[in-house]
Amino acid sequence: MRTWPIFKKEIRLYFTSAVAYVVFTIFLLISGYFFYSIFAFFNLMSMQSAMNPALARDLNVTEGVMRPLFSNISVVMLLLMPILTMRLFAEEKKSGTIELLLTYPVRDGEVLLGKYAAAAVLYLAMLGATALYPGILASFARLEWGPLLTGYLGLVLMGSTFLAIGVLASSLTENQIVAAVATFGVLLIFWVIGWSADFAGPVWGKLLSHLSLLEHFDGFAKGVIDTKDVIYYVNFTILCLFLTLRSLESNRWRG
Amino acid sequence: MIQVEHLTKHYGPVAAIQDVSFSVEKGEIVGFLGPNGAGKTTTMRILACFMPASAGTARVAGYDVFSQSLEVRRRTGYLPEHVPLYSEMPVAAYLDFVAEVKGVPRAGRKRRVAEVMERCLIADVGHRLVGRLSKGYRQRVGLAQALVNDPEVLVLDEPTIGLDPKQIIEIRSLIKSLAGQRTVILSTHILPEVSMICSRVIIINQGQIVAVDSPETLTARLSQSERIQVQVDGPPGAVLAELRRLPGVLAVDQKALVNGIGTFLVESARDRDVRRDLSRAVVGRGWGLLELRGIGMTLEDIFIRLVTEEQATTPAGDETPA
Ligand SMILES: Nc1ncnc2c1ncn2[C@@H]1O[C@H](COP(=O)(O)OP(=O)(O)OP(=O)(O)O)[C@@H](O)[C@H]1O
Ligand SMILES: [Mg+2]
């Protein structure tokens, strides 16, 4: 397998081009801010509930802090993931380095895998850094570990899909901005597609909400792992990677 | 080692190359010559498996570039025309990456990279970023990445462009030293380069091959006349008339007249050596014969002739769709 050198090269270029630092920092800053404000709000609520026992019944840290935090993190991802993936193929096409890469004895699939893995590892590192927040929480509140872990699993799965969509867009253009905007557009469409489910009629509504990237995340944030959701993300990811492979191979088709 | 048969490549309606066939033997250095837009880069990209041809086949080391591209890529080192390299990587790290991708085993990789840097004269810039190098150094890094896995076949698209005269000589001797074990096909615009390092030239024009031969036989075969430069100390008008009278002389041109000494260019039929008659005539008239020198036709002349002849017979310009 020649995936490893390509993976190493991509990681290296992420850091030398400062993309990694910028995305990392912004992601941590924003998710930190969300954590802080959500936690502060939760504190306020629990203070009030001390006087009003009726409120206290519905109050727990997982529901009150982690769930809103997860959904906020996923919105930040929506904005940042396209930046992470936009350069993967578009940059090589623009600078012409793809000409050498494709004439090296590597399979297109190995190139794709190396690049995708580099973006994925960066994303996992970002997620890993957010584990700091539940860590802080755990030090002075009792956490339910189940929903926390499923929440992270959901983020991993959803993030993989985001990245796969981004890689596909990057392989279709030589302009990084176009790749990023296209990725963002597609993500947004699949994000909001479920919103119209309520008034789209029973069949369409079901289909639309099934297509929605957001709806499938809901279960994970609640602490439920539904195979339907897992399969949705995995399939979506594989489909995008498969299409990317086709788009790479199309360079080699006779024309 | 390389067999190209009836290769054609269309870019939309434009045919970049048409029905190109040639072959290169193992150990040969072949020069690919042609004016801008002739289809050199197109042919090389097909050989390097960057893109497929529209029709026809090409085989490298016995493997088809289309159906067995991975095998071909394992055995080929390619230097593209614009030398696209990862500008944010240091030279040594970049070459190490290339070596690893090309499957140079881990054990000897460091040594191999150091060797190839030594050979391509870039050992002193190993830690510098590729993007900060001058054009000539980039070119050498490009050559190094092509050579790093010690491939059997080298496809070099204008390898000496942008180098200073000293480097050109060094890179030429490097390429020359590669011959024997390796097969090299290189494109260039510098004609003396071809006569210097190539055992054979392929001249391509407007996507079609117009000549394939060794530089010497090509010049011999295609020169239709012999040219002699003479310097005579005597009355220019009379000398001109006398030279024109000689049997076998087709044309005489006066090139210069300095202090009463005229320099003349005498053109004669190819199978006719007029030098004896000429010297006898000049000396017989009592003039001084200061110089008598044969000027062969250069590859440059041949090239221009082939290319312009071609243009005269095919009226369409090369950038217009067929
Ligand atoms: N990607 C492309 N799309 C459309 N036409 C192209 C493309 N690449 C090359 N061509 C056309 O194909 C023809 C051959 O181009 P090619 O680059 O092979 O020439 P060349 O011999 O390498 O020229 P040069 O000496 O300038 O490098 C030209 O007419 C060129 O305009
Ligand atoms: Mg060219």
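Chains A and B are the protein sequences, given in the same order.
Under this note's numbering, the final residue of the first sequence carries the number 281; numbering is consecutive throughout.
Under this note's numbering, the final residue of the second sequence carries the number 302; numbering is consecutive throughout.
Using N, Cα and C, we set each Cβ at its ideal position, and we do this for glycine too.
Report all residues from its chain with a CB closer than 7 angstroms to the CB of residue i; omit the five preceding and five following residues, and keep chain order.
i: A:E118; result: I124, L127
i: B:Y43; result: E51, V52
i: A:F61; result: L95, Y159
i: B:S259; result: L269, L272
i: B:R92; result: A79, V84, V128
i: B:K115; result: G142
i: B:I170; result: T140
i: B:A261; result: E222, L226
i: A:T270; result: L138, V193, L194, S197
Have a look at residue i and residue j and give me their C-alpha separation to the nearest angstrom.
i: A:A190; j: A:V204; result: 16 angstroms
i: B:K90; j: B:D76; result: 7 angstroms
i: B:D298; j: B:M24; result: For B:D298, the pLDDT reaches just 43, beneath the cut-off of 50, and the residue's location in the model is therefore unreliable, leaving the point undetermined.
i: A:L274; j: A:L169; result: 46 angstroms
i: B:S3; j: A:I215; result: 54 angstroms
i: B:R55; j: A:K248; result: 55 angstroms
i: A:V182; j: A:L175; result: 11 angstroms
i: A:Y178; j: A:G172; result: 10 angstroms
i: B:V110; j: B:P70; result: 6 angstroms
i: B:V164; j: A:H242; result: 57 angstroms
i: A:A226; j: B:T21; result: 55 angstroms
i: A:R38; j: B:A41; result: 35 angstroms
i: A:W221; j: A:T42; result: 40 angstroms
i: B:Q147; j: A:L267; result: 45 angstroms
i: A:L194; j: B:Q119; result: 32 angstroms
i: A:Y142; j: A:E36; result: 9 angstroms
i: A:R278; j: A:L237; result: 33 angstroms
i: A:L54; j: A:L150; result: 13 angstroms
Leaving out five residues before and five after residue i in sequence, what residues of the same chain have Cβ atoms less than 6 angstroms from its Cβ?
i: A:G90; result: F68
i: B:A302; result: At B:A302, the pLDDT of 37 sits below 50, so the modelled position is not reliable; the number obtained from the coordinates is stated separately. Closer than 6 angstroms at Cβ, skipping near neighbours: A(-5).
i: B:I275; result: R207, Q209
i: B:F46; result: P32
i: B:T300; result: Unreliable placement is indicated for B:T300, whose pLDDT of 41 sits below 50; the coordinate value is still reported in the next sentence. Taken in chain order, the list of residues that qualify is empty.
i: B:Q(-17); result: S3, R39
Provide the residue span of the beta strand (DSSP E) that contains residue i, from first to last.
i: B:H(-14); result: -18 to -9
i: B:G242; result: 241 to 249
i: B:F30; result: Careful: B:F30 lies outside any beta strand (DSSP E) and carries neither H nor E.
i: B:G57; result: 56 to 59
i: B:Q(-2); result: -6 to 4
i: A:D134; result: Here A:D134 belongs to no beta strand (DSSP E); instead the alpha helix (DSSP H) covers 134 to 156.
i: B:G268; result: 268 to 275
At which residues does the alpha helix (DSSP H) containing residue i begin and terminate?
i: A:N261; result: 253 to 275
i: B:R91; result: 86 to 99
i: B:L113; result: Note, B:L113: premise wrong, no alpha helix (DSSP H); not H, not E.
i: A:N98; result: 93 to 111
i: A:A223; result: Taken as a continuous stretch (DSSP letters only), A:A223 belongs to no alpha helix (DSSP H), as it is neither H nor E.
i: B:R180; result: Where B:R180 is concerned, there is no enclosing alpha helix (DSSP H), although the beta strand (DSSP E) it sits in stretches over 180 to 185.
i: A:Q74; result: 45 to 77
i: B:A191; result: Per DSSP, B:A191 belongs to no alpha helix (DSSP H); it is in the beta strand (DSSP E), 188 to 193.
Excluding sequence positions up to five away, which residues of its chain have a Cβ less than 8 angstroms from the Cβ of residue i?
i: B:I182; result: F2, V10, G11, F12, L13, I189, A191, V192
i: B:G160; result: G7
i: A:S57; result: L95, N98, I99, V102, T156, Y159
i: B:Y74; result: L65, Y66, V110, V121, Q125
i: B:V263; result: L269
Interface residues of chain E around residue i at Cβ under 8 angstroms?
i: B:L65; result: In summary, chain E is missing from the structure at hand, where the protein chains are A and B.
> Looking at C-beta atoms only, is the number of pairs between the region 90 to 105 of chain B and the region 131 to 139 of chain B that lie closer than 8 angstroms three or more?
Replying inline: no
>> Under 8 angstroms: do the region 61 to 81 of chain B and the region 29 to 47 of chain A share three or more Cβ pairs, one atom per stretch?
In response: yes
> Is there contact between the region 40 to 56 of chain A and the region 106 to 122 of chain A, where contact requires at least three CB pairs shorter than 8 angstroms?
Replying inline: yes
> Pick out every residue whose C-beta is nearer than 7 angstroms to a heavy atom of ligand 2: which are they, in chain order?
Replying inline: B:K20, B:T21, B:E61, B:D137, B:E138, B:S167
> For the region 186 to 193 of chain B against the region 244 to 260 of chain B, are there 3 or more C-beta pairs whose distance is under 8 angstroms?
Replying inline: no
>> Under 8 angstroms: do the region -16 to -2 of chain B and the region 142 to 158 of chain A share three or more Cβ pairs, one atom per stretch?
In response: no
> Looking at C-beta atoms only, is the number of pairs between the region 259 to 274 of chain A and the region 187 to 202 of chain A that lie closer than 8 angstroms three or more?
Replying inline: yes
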